[in-house]
Every structure is written in structure tokens, then in C-alpha cells.
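Novice: Residues 0 to 442 in numbering that gives the first Met the number 0 are what the sequence shown spells out, letter by letter.
Backbone N, C-alpha and C define an ideal beta-carbon position, used for all residues, glycine too.
Just so it is clear, the structure is predicted and the values come from calculations on it, not from any experiment.
Shown below is the structure under consideration.
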Amino acid sequence: MNPEDVRTLASTQEPFAAVDVIRAKRDGARLTDEQIAWVVDAYTRGAVAEEQMAALAMAILLRGMDAAETARWTGAMIDSGERLSLRVARPTVDKHSTGGVGDKITLPLAPLVATCGAAVPQLSGRGLGHTGGTLDKLEAIPGWRAELSADEIARQLDDVGAVVCAATPTLAPADRKLYALRDVTATVESVPLIASSIMSKKIAEGAGGLVLDVKVGSGAFMKTAAQARELAGALVDIGAAHGVATTAVLTDMSAPLGSAVGNAVEVAEAVDVLRGGGPADVVELTVALAGEMLALAGLPEVDPAAVLASGEAHETWCRMIRAQGGDPGAALPRPRHTHVVEADGTGMLTALDAYAVGVAAWRLGAGRARREDPVQAAAGIRCLAKPGERVERGQPLLELHTDTPAAVPGALETLRGAWTFAERDDAPATTGEGIVLDVLRSN
Ligand code: URA
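If you want it as C-alpha cells, here you go:
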């Protein structure tokens, strides 16, 4: 629809003119409930043009929205599509992460919380840029299928207690359109727009409780604790306004989580955790988030650490993978080429920059630049030393995996300066001392 048509339509058939809504926000006014409900709905059905919504998104980025406006905006985005109605006997609870490097926590967490007695309906996305996507990781498992119908989701939740699958296109379609627009108009970085985007999809999914893992640090969307705390507060406020018990957990993302970054390598690490092993930081965060989810589900007495150590959650994982066509026992794809990066100094590793490792893994083929690009299941990085560990010059530090050796020089260029050493062994590491930084609860 061209802008002339939009203006005519707005003046003849619509209760508001988009230009008035844009002007109001541009001049710092609060938008009314009616304006918000209309502009989101009209944008979804094409009666507000892309350039008008782009201008409004920029006005919101510059002027902000208060908690009530943000809650209403979220409600309008939910109303743009369907809400899943999850009729399951167990309490339902979900987790969302704002995205990080090596963040495979959903993989052990969903079967763990299901084993503990709650039902976890986790509708996930694919990766874009330096943070990986849960579906891309699971698709490294031979036969595993991401697309499920609403009936299949409900059946699996009843049978297994955990579903990780693709979000249906009918869930908050306004967000799908608006997120693509924000991506190309420098309006992603608005806390009310980020918070409403995340919460509209999660609330539409229908879980009774929601735990949000808000990452802080170089590998995260939010680089500082102050920004992350602001986002966490906005997320918890939206949950409270919509009657969904919500907890936000601020967690460290200055170094990659665990040792594996990529797709198949992260699945392998998640399976280690489910078998009672795996890196300490992945275990710590999985147990911390499970504890918060179980508290929201009314099961605070269950000890997720004990259940994880028992290996029972691994059985639930196998059932969850099989229910979606995957073979949990099948060999995972292996890279055609590996390249080892050796330590160029001796001493304690004090930092390993999450962002650099994430971008390098992406350049090796683990991630995509455009939504339609394929990913390499076997591409990624194994971090052979973590901050806080002592390393000797020449010791293997990182192992790069790819099917396209031509990608290695670009990845190495990205990794230049990504780690630091301290001469003295007692120099403080930037991470490793507790991954959970803070917790905010809606009730
Ligand atoms: N993730 C989302 O789902 N939406 C945003 O706006 C940013 C991150």
C-alpha cells in the first residue's frame, strides 16, 4: 500500500491517523490504550505503512514508554495473533534467554524441569548474528523436527512434559513484522520495544510462569549491568501486568558459557550435563534456573541439583528428542576441518571475550547472517581453557570446527586479542565466580 492510500484510508475508515499517533509520541506524550491497540492492529493488517511504524518506533526509542504503555503495547501484540491454550495436568512454566554465546541451557533445562514435575512448553527461534539459536542446535541431531502443530505440542507436553519447537507463525505476528522493521531502522535497542517483543511471544505461548535469563556482558545484548537491570525490570513488570508470575535472573555473559560454542558441539555438552557431568558453569546455571522455574510452578521442595545428578533427566531428554523424530543415540555431525589455536603466553587466563568467540563461531558457519541462510551443524568452537585456569605457552586454547576451511582466517582475525593472561596465578579472573548476578521477581 502506498503512503497516499494509507493517509486516505486513515482519514476515512480508521479511528486514528497514524501521523497523529507518531506526532504525539515524538512530542513526548503518553499513548492512550486506544491509540496503542489501534496502531499495533492497523500495522499488522497493513493499514499503517512500514515508514509510519518506523517513525513511531524511533519516537518510542527516543521518548520511551512507561510501564502501563509498555504493558498495553505487549497486550496489543499478543492480540495480533492466537494464544496457545495448554490444557495439561501439570503446572506449566517456561524460560527465555536474551541470548548469549554458548547458551545451550534450554537443552538440559527443559527435560530437567519436566523430570521434576512441571511441564515446559518452550517455543524457540533460530540464531541470528553472534548468538546461536536453540532450534539450530537441536537440528544437529539426526531426524529431529522443529515444526510441530498445536496438537502435537499439547500431546508431547502431556506425554513427556517438555517440548522445544519452532514458534508458530500465528503467535504475536505483529512482533514478527515489527522486529524485522526494527532490525533495519536502528530501533532494536529500545527497552520497552525489546521487553514487549519478548513478552508478547512468551505470554501468547500460554505458560503459567516465566523465568527470564537476562544476560549481561560482551556476548550479550545488554553490555552493562545497569542496562540489563532496566530490561529485567521491564520484563517483570509486563509479566505482573498480564498476570503471569515472572522472574528475571541476571547472569554473566562476559565469557562463553561452558566450553562448547556452536550447534552439534553444544548438544554434546548438554548431554554431558544431563548425564551428571559437564562444565561447572553450565550445571550451575541450569540448576539455578530450574530452581526458579520450580518455585513458579509451585514445586519449591524439589531439588533440581539432585535430580540432575541422578541422570533421570537424561531419560526425559531421550524421550523428548524421540518424540520429535530425532535419534538421541545417533552420532552427531563432525566437522570436515579443525584448527587448534595455541596459547601465546603463560599464566592465568583472566578473560576470554564472549563476543569475539561468538562472532568467530558464526564466521566458521555455526550462525547465519540472514534469516534464510543455512547453518553448518558441525561448525563451532571448543574452548579448551576457561578464565580462571592456568595455561602454558603452546597449550591448545581453542579448537575451531568448520566444513569450510576458507572461513578459518576470518575467524582467527576475529579472535585476535580475545583473551588475556596475568603473569601471576592469583590475578582475579573476570568470570567463574558465580554466574548468577541478581534475581528480580514479580511477586
Ligand atoms: N529478542 C526479541 O525477541 N525481541 C527483541 O526485540 C530483542 C531480542
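#1: Are at least three pairs of beta-carbons, each pair with one atom in the region 76 to 92 and one in the region 115 to 128, less than 8 Å apart?
#2: Hey, out of T105, D402, A203, A225, whose CA is closest to A312's CA?
#3: Give me the residue from A239, A378, I77 with the minimum Cα distance to V358.
#4: Output needed for G433: all residues of its chain with C-beta closer than 7 Å, excluding positions within five of it in sequence on either side, in chain order.
#5: Rounding to the nearest angstrom, what Cα-Cα distance links P404 and P334 in this structure?
#6: Identify, in the order they occur along the chain, each residue of the same chain with its Cβ nearer than 6 Å to the Cβ of T97, setting aside the five sequence neighbours on each side.
#7: Cα-Cα, which of Q375, D352, L351 is closest to A361?
#8: Under the assumption that G342 contacts R381 (Cβ atoms under 8 Å), give the Cβ distance between them as a whole number of angstroms.
#9: Any residues whose CB sits closer than 5 Å to a heavy atom of ligand 1? List them in chain order?
#10: Please return the same chain residues whose Cβ sits closer than 7 Å to the Cβ of H462, not counting the five positions on each side in sequence.
#11: Here's the rule I'm using: 16 or more other beta-carbon atoms within 10 Å means buried, otherwise exposed. How should E12 be labelled?
#12: Thinking C-alpha only, which one of A417, V390, Q51, A322 is nearest D157?
#13: Is DSSP giving M221 helix, strand or coil here?
#14: How many Å lie between A206 and L363 at the Cα?
#15: Whole angstroms are fine: how far does the CA of A113 sit from the CA of A279?
#16: Going by other Cβ atoms of all chains shown within 10 Å of its Cβ, with 16 needed for buried, is R389 buried or exposed?
#17: For L137, collect the residues of the same chain with a Cβ closer than 6 Å to its Cβ; drop the 5 residues on either side in sequence, then sort them by chain order.
#18: Please list the terminal residues of the continuous beta strand (DSSP E) segment that includes E398.
Specialist: Once the coordinates are examined:
#1: yes
#2: T105
#3: A378
#4: none
#5: 10 Å
#6: V213, K214, F220
#7: For the record, residue 361 in the displayed sequence is Trp; it is not Ala. Of the candidates Q375, D352, L351, the one whose C-alpha sits nearest the C-alpha of W361 is Q375.
#8: Reading the sequence as shown, one finds Ala at residue 342 and not Gly. About 14 Å separates the two Cβ atoms, so there is no contact after all.
#9: I193, S196, I197
#10: A question about residue 462 goes unanswered here, because the residues of the chain that appear run from 0 up to 442.
#11: Note that residue 12 is Gln in the sequence shown here, rather than Glu. So Q12 ends up on the exposed side.
#12: A322
#13: strand
#14: 36 Å
#15: 22 Å
#16: exposed
#17: W143
#18: 395 to 401
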